[in-house]
Amino acid sequence: MHPARSVATVECWRTGATSIVSRQALSTLAAPEHRKGTEMLAQFEMSIPLVAAPMSGGPTTPAMVSAATRAGALGMLAAGYKTVEAIEGEIKAVRAEGIPFGINVFAPNPVPVDPQRYRAYAAIVQADADRFGVTLPPQPIEDNDGFDEKIELLLDDPVPMVSFTFGIPPRDVIAALRRVRSVVVQTVTTADEAAQAHDAGVDMLAVQAADAGGHSATLSPLRPVTPVPIVDLVKQVVATVPLPVIATGGLATPGAVAEVIRAGAAAAAVGTVLLRATESGASATHQAALANPAYTETVLTRAFTGRPARGLRNAFIDAHEAEAPTGYPAIHHLTSPLRKAAAAAGKPDFVHLWAGTGFRHAAVEPATDILRRLASDL
């Protein structure tokens with residue numbers, strides 16, 4: 121948290137400051153729990169109720185976080201798949217600008233892979249990897265993405281907002297983060313998950329619909345992802361728990377953003393629409409595929425990571441979806457060398473082209489312009 125503004129920023133919602141949140145958000149969020157949400161968004165000095173969603177694996181950069189703030193939105197760093205040292209560097213870069221920001225962390229919710237199925241799948245996928253001269257891990261790698269070390273960092277060097285995906289962290293972790301004045305956000309995909317997060321003591325919810333690009337945040341990755349429209353999902357969650365909601369999943373137009381705000385969300389988070397932004401760290405191969413007419417649809421797949429994720433349908437998914445075992449993070453680690461090599465070689469059919477259903481709206485322009493346009497109907 122930037123030392124010159126940490127207390128004032130965090131205390132803003134407690135003193136009832138709401139003047140910088142959009143008029144539509146103020147008029148929509150009339151219930152007490154939603155007024156609190158408006159106040160909590162005000163603490164981040166947002167003039168528009170938009171969040172640049174954290175996208176792990178490279179797309180989210182400190183420059184994108186800064187651009188979101190310039191637009192009047194909130195930027196979120198992505199801690200997933202990064203070392204603690206890399207995260208420290210990104211936090212330092214953003215904090216140097218004296219702006220509010222958040223960070224997303226993968227909370228452990230492992231799905232161990234069956235060793236025999238892993239080895240069988242590895243043998244199949246190795247044939248693809250041979251095209252690029254890379255060798256895949258022969259044995260499953262099961263880890264927790266450095267969760268404990270990342271939490272230790274965020275307790276020693278607090279940031280204004282910490283969100284979690286994949287699992288709900290232990291209650292003592294949530295309580296500890298709140299004690300250092302971080303707002304704690306849990307990503308959920310159903311009203312039942314929202315109730316679990318509320319019981320665990322979080323401050324806010326990021327409510328993710330099945331249209332979202334990248335991994336589903338489902339707490340039950342062995343179950344099929346239910347395709348509930350984001351507006352309906354927001355209404356279900358708002359009716360279930362008294363927590364502010366950030367809506368996400370397939371939001372790529374001003375009208376879609378306005379609709380979730382009217383449904384009761386305190387803010388909307390967007391990711392796919394920022395993948396081709398000037399500040400995006402997505403690979404050139406990924407960015408080009410989003411505009412390539414050869415890619416016409418997105419699908420949910422386990423083929424790349426062993427956990428449901430939405431991306432552009434490509435040859436790898438078509439070839440391997442039926443035989444891919446469930447198992448995260450082992451399958452992620454299995455295919456990672458192949459995906460990196462294919463991206464570097466400009467071969468999109470072997471890359472996880474994560475994208476939400478609104479991918480055609482992704483354009484090459486500054487993130488500030490994209491976010492301001494998305495707020496134009498508010």
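Residue numbers (the numbering used here): 121 to 498. The beta carbon of each residue, even a glycine, is placed where N, CA and C say it ideally should be.
Pair within 9 Å by beta-carbon distance, residue i and residue j
i      : j      : result
VAL303 : PRO260 : no
ALA199 : MET184 : no
PRO280 : ARG299 : no
THR405 : ALA464 : yes
ILE350 : LEU371 : yes
VAL354 : VAL380 : yes
LEU161 : ALA495 : no
PRO174 : SER336 : no
LEU454 : PRO257 : yes
THR181 : SER456 : no
PRO179 : ALA359 : no
PRO228 : ASP265 : yes
ASN224 : SER186 : no
ILE366 : VAL305 : yes
LEU491 : ALA213 : no
VAL348 : ALA315 : no
ALA389 : ALA376 : no
Classification of residue i by the beta-carbon crowding that lies within 10 angstroms, buried from 16 upward
i      : result
GLU205 : exposed
GLY222 : buried
ASP352 : exposed
HIS481 : buried
VAL141 : In this predicted model, VAL141 has a pLDDT of only 40, less than 50, meaning its place in the structure is not dependable; the value taken from the coordinates is given anyway. Result: buried.
ASN434 : buried
ASP250 : exposed
ALA291 : For the record, residue 291 in the displayed sequence is Arg; it is not Ala. Flag for ARG291 reads exposed.
ASP276 : exposed
ILE255 : Here residue 255 is Thr; the residue named in the question, Ile, does not match the sequence. By the neighbour-count rule (16 or more Cβ atoms within 10 Å), THR255 is not buried but exposed.
VAL484 : exposed
ARG343 : exposed
GLU313 : buried
ASP248 : buried
THR338 : buried
PRO445 : buried
THR416 : exposed
Candidates the options: closest to residue i by CA position
i      : options                           : result
TYR241 : LEU432, ALA462, PHE424 and ALA495 : PHE424
LEU410 : VAL322, THR477, GLU208 and GLU379 : THR477
HIS440 : ILE244, GLU165 and GLY177         : ILE244
ILE168 : THR373, VAL484 and ALA386         : ALA386
THR309 : ASP323, VAL322, ALA296 and PRO341 : PRO341
GLY426 : ARG237, ASP469, SER400 and LEU275 : ARG237
THR421 : GLN356, GLY375 and ASP331         : ASP331
PHE436 : PRO468, HIS452 and TYR448         : PRO468
ALA191 : PRO220, ALA408 and GLY375         : PRO220
PHE252 : ARG459, ALA329, ALA475 and GLU313 : ARG459
LEU432 : HIS452, ALA408 and PRO449         : ALA408
ARG493 : GLY466, THR446, PRO179 and LEU394 : LEU394
GLY391 : GLY195, ILE451 and LEU274         : GLY195
ALA450 : PRO235, ALA315 and PRO413         : PRO235
GLY321 : GLN328, PRO374, ALA311 and ILE294 : ILE294
ARG63  : LEU473, LYS270 and PRO362         : In this structure the chain extends from 121 to 498, so residue 63 is not present and cannot be described.
GLY384 : THR373, PRO364 and PRO374         : PRO364
GLU159 : ASP263, ASP323 and ALA317         : ASP323
GLY447 : ASP438, ARG239 and PRO486         : ARG239
ARG215 : GLN246, ASN412, LYS270 and PRO278 : PRO278
Anticipated Cβ contact below 8 Å, residue i with residue j, distance rounded
i      : j      : result
GLY334 : ALA462 : About 18 Å separates the two Cβ atoms, so there is no contact after all.
PHE479 : THR418 : 6 Å
ALA378 : ASP497 : 4 Å
THR346 : GLN328 : Going by Cβ atoms, the distance from THR346 to GLN328 rounds to 12 Å, so no, they are not a contact pair.
LEU197 : GLU217 : Their Cβ separation, rounded to whole angstroms, is 13 Å, which puts LEU197 and GLU217 out of contact at 8 Å.
LEU274 : LEU297 : 7 Å
Entirely enclosed alpha helix (DSSP H) segments - the stretch 379-410, minimum 4 residues:
none
Inside the stretch 411-445 only - alpha helix (DSSP H) runs reaching at least 4 residues:
435-440
Quick one: complete alpha helix (DSSP H) runs, 4+ long, within the stretch 343-380?
350-360
Can you list, in chain order, the stretches of the alpha helix (DSSP H) that have 4 or more residues and sit fully within the stretch 299-338?
311-320
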